[in-house]
Each structure stands twice: as structure tokens, then as C-alpha cells.
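Chains as they are written, first to last, in our numbering: chain V, 91 to 202; chain W, 146 to 259.
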Amino acid sequence: GENVEQHPSTLSVQEGDSAVIKCTYSDSASNYFPWYKQELGKGPQLIIDIRSNVGEKKDQRIAVTLNKTAKHFSLHITETQPEDSAVYFCAASGVPASKLTFGTGTRLQVTL
Amino acid sequence: EAGVAQSPRYKIIEKRQSVAFWCNPISGHATLYWYQQILGQGPKLLIQFQNNGVVDDSQLPKDRFSAERLKGVDSTLKIQPAKLEDSAVYLCASSLASGGNTIYFGEGSWLTVV
Chain V
91 GENVEQHPST LSVQEGDSAV IKCTYSDSAS NYFPWYKQEL GKGPQLIIDI
141 RSNVGEKKDQ RIAVTLNKTA KHFSLHITET QPEDSAVYFC AASGVPASKL
191 TFGTGTRLQV TL
Chain W
146 EAGVAQSPRY KIIEKRQSVA FWCNPISGHA TLYWYQQILG QGPKLLIQFQ
196 NNGVVDDSQL PKDRFSAERL KGVDSTLKIQ PAKLEDSAVY LCASSLASGG
246 NTIYFGEGSW LTVV
């Protein structure tokens, strides 16, 4: 089955700096890669996703890149703000609505 | 648009007791998932339904866990008897059956087994 590794496990940045979280996956058949943000006491919330026919996708301060050859994808957050502090999970799955395999999470802390 | 609804939000039970969690997916979503999230880990799929049929229950501990989705809408996840290691957040999620893969999660049901 699919295996997703995520690094780093914790990340502390100053407000305004950029944050990068990286994930690798094992199943070359995976073709859908979402990122979720989870705040304390809440369920995961989708923030951005990318499909295998696209190399990069951007939504305001958030971007995701995908390298299918190397089987890794990354989340980039620019101009970080305190409200970006949360746990971020990457995930991978095939189509159609197949199960998501999650990474182990990255706790991002944005300090003033 | 209403999100995925779950209840109860919090439950504390003693080991060997039983517990049930309820989920109402986003309207029109044919696919429903139950995930288990142990503290400090990513969610792990327990069971996936397509309408009222099971698509994947390979990681469901069937000796103690059961789930049903009788009318293809609401779902119930039951644990009987509970063990200490079942302490976790149980997340329900849903997605459209066709088209995209976007999966939306509920707020979760927090279970503590003492």
C-alpha cells in the first residue's frame, strides 16, 4: 500500500518568513495530493490540492509543487501569519474517491 | 452549505464498554469515510462506503469495530468492547462519488477509554 513520509515534524518561523513542508510517497500510481490544516480540537481542513497532471499550483500565499519522477511534493507558505500556526498534513491517493494515506504531520508555529 | 456533522463530540467510557458515533455527510456526497486519528499521528482510514456498500474495510478491527450506512446517507461507527488503545479522534469524511477526489472532514468525535 501507499506510504507517505513528511518532514519536518515541527517547524518554527517568524511572522513574515516562508515555511516549507516536504512529503514523499511510495506508490507511483497515486495521482492526487491534498494538504490539510488541522487546528486544535478541529477536523482537518483542505487548504490546497494538486493532481498528477500539474506540476505547481498556487492560491494566494499557499503553493504546492509536485515532482512525479522523484515522488515528492511540497507545501510552501509565504508571508506567514500567526493564524497559520497549526498542524499540516500531506496525503496521497488514487482516483476516483480512493482512500487518502496521510503523512505524520508538521506542527507549524509562527512567532511574532 | 452544511459540512459533515458528527456526534457526540466527546465521550469517556471504561474499557470493555461500548460506544457509538454518528455521522451525517455533506448533502449529495455518496462516499463516506471513517478515519481514526491517534494523538500526534495522521488520520488512518478505517472504512469507506460508496452509497450503502463497503468499498474498503481492510484496516477495520472487525472483532470490535463495526460500521453501517443503511440508507446511503447517515452512518454509525460502533466499538464493542472498547480497549485503552481505542482512545483517539474518530473523523467522519465525505466526498462526491464521481468527479474530483476532494474529501471533507467533520470536526471529529473524541474518545477516551479509561
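Cβ coordinates follow ideal geometry from the N, Cα and C atoms, glycine included. Model, not experiment: these values are computed from the prediction.
Compute the Euclidean distance between the alpha carbons of residue i and residue j, then round it to the nearest angstrom.
i                : j                : result
Ala212 (chain W) : Pro226 (chain W) : 14 Å
His162 (chain V) : Tyr115 (chain V) : 6 Å
Ser108 (chain V) : Arg161 (chain W) : 48 Å
Thr191 (chain V) : Phe210 (chain W) : 20 Å
Thr247 (chain W) : Ala147 (chain W) : 16 Å
Thr201 (chain V) : Gln171 (chain V) : 8 Å
Asp201 (chain W) : Gln193 (chain W) : 5 Å
Ile158 (chain W) : Ser232 (chain W) : 10 Å
Arg141 (chain V) : Asp208 (chain W) : 37 Å
Lys156 (chain W) : Glu105 (chain V) : 37 Å
Val94 (chain V)  : Leu215 (chain W) : 33 Å
Asn197 (chain W) : Arg154 (chain W) : 24 Å
Lys148 (chain V) : Ala176 (chain V) : 20 Å
Val218 (chain W) : Val103 (chain V) : 43 Å
His97 (chain V)  : Ser164 (chain V) : 10 Å
Gly244 (chain W) : Ala160 (chain V) : Low per-residue confidence applies at Gly244 (chain W): pLDDT is 45, beneath 50, and the placement is therefore not dependable, though the value from the model is reported in the following sentence. Answer to the nearest angstrom: the Cα atoms are 27 Å apart.
Phe179 (chain V) : Gln204 (chain W) : 20 Å
Glu206 (chain V) : Glu129 (chain V) : Outside the shown range of chain V (91 to 202) lies residue 206 (chain V), about which nothing can therefore be said.
Ala153 (chain V) : Ser163 (chain W) : 44 Å
Asp74 (chain V)  : Gln199 (chain V) : Nothing about residue 74 (chain V) can be read from this structure; chain V reaches only from 91 to 202.
Tyr126 (chain V) : Ala181 (chain V) : 8 Å
Glu146 (chain V) : Val110 (chain V) : 14 Å
On the DSSP letters alone, give me the boundaries of the beta strand (DSSP E) that residue i sits inside.
i                : result
Leu209 (chain V) : The question about residue 209 (chain V) has no answer, for chain V in this structure spans 91 to 202.
Arg197 (chain V) : 196 to 201
Gly198 (chain W) : 198 to 201
Ala88 (chain W)  : With chain W running from 146 to 259 in the structure shown, residue 88 (chain W) is simply not present.
Ala227 (chain W) : No beta strand (DSSP E) holds Ala227 (chain W); DSSP gives it neither H nor E.
Leu256 (chain W) : 254 to 258
Ser232 (chain W) : From DSSP, Ser232 (chain W) is part of no beta strand (DSSP E); its letter is neither H nor E.
Val103 (chain V) : 100 to 104
Leu177 (chain W) : 176 to 182
Gln195 (chain W) : 189 to 195
Gln151 (chain W) : 150 to 152
Glu213 (chain W) : 210 to 213
Ile248 (chain W) : Careful: Ile248 (chain W) lies outside any beta strand (DSSP E) and carries neither H nor E.
Please report the Cβ distance between residue i and residue j, rounded to the nearest whole angstrom; I am assuming they are in contact, meaning their Cβ atoms lie under 8 Å.
i                : j                : result
Glu252 (chain W) : Gln151 (chain W) : 6 Å
Phe75 (chain V)  : Leu156 (chain V) : Residue 75 (chain V) lies beyond the stretch modelled for chain V, which goes from 91 to 202, so this question has no answer here.
Tyr249 (chain W) : Trp179 (chain W) : With a Cβ gap of about 14 Å, Tyr249 (chain W) and Trp179 (chain W) do not count as contacting.
Thr194 (chain V) : Ser99 (chain V)  : 7 Å
Val258 (chain W) : Lys228 (chain W) : 6 Å
Val149 (chain W) : Cys168 (chain W) : 7 Å
Pro188 (chain W) : Gln181 (chain W) : 7 Å
Glu205 (chain V) : Arg151 (chain V) : An answer regarding residue 205 (chain V) cannot be provided, because it is not within the stretch 91 to 202 covered by chain V.
Within the stretch 132 to 190 of chain V, ranges of the beta strand (DSSP E) (whole runs, at least 3 residues): 135 to 141, 146 to 149, 152 to 157, 162 to 167, 176 to 182
Near-chain V residues of the stretch 183 to 217 of chain W (beta-carbon distance less than 7 Å), N- to C-terminal order: Gln186, Gly187, Pro188, Leu190, Gln193, Asp201
Residues in the stretch 133 to 159 of chain V having any Cβ partner in chain W nearer than 9 Å: Gly133, Pro134, Gln135, Leu136, Asp139, Arg141
Proximal residues, the stretch 181 to 202 of chain V versus chain W, C-beta separation under 9 Å: Ala181, Ser183, Gly184, Val185, Pro186, Ala187, Ser188, Lys189, Leu190, Thr191, Phe192, Gly193, Thr194, Gly195
Under 7 Å (Cβ pairs) to chain V, residues found in the stretch 226 to 239 of chain W: Leu236
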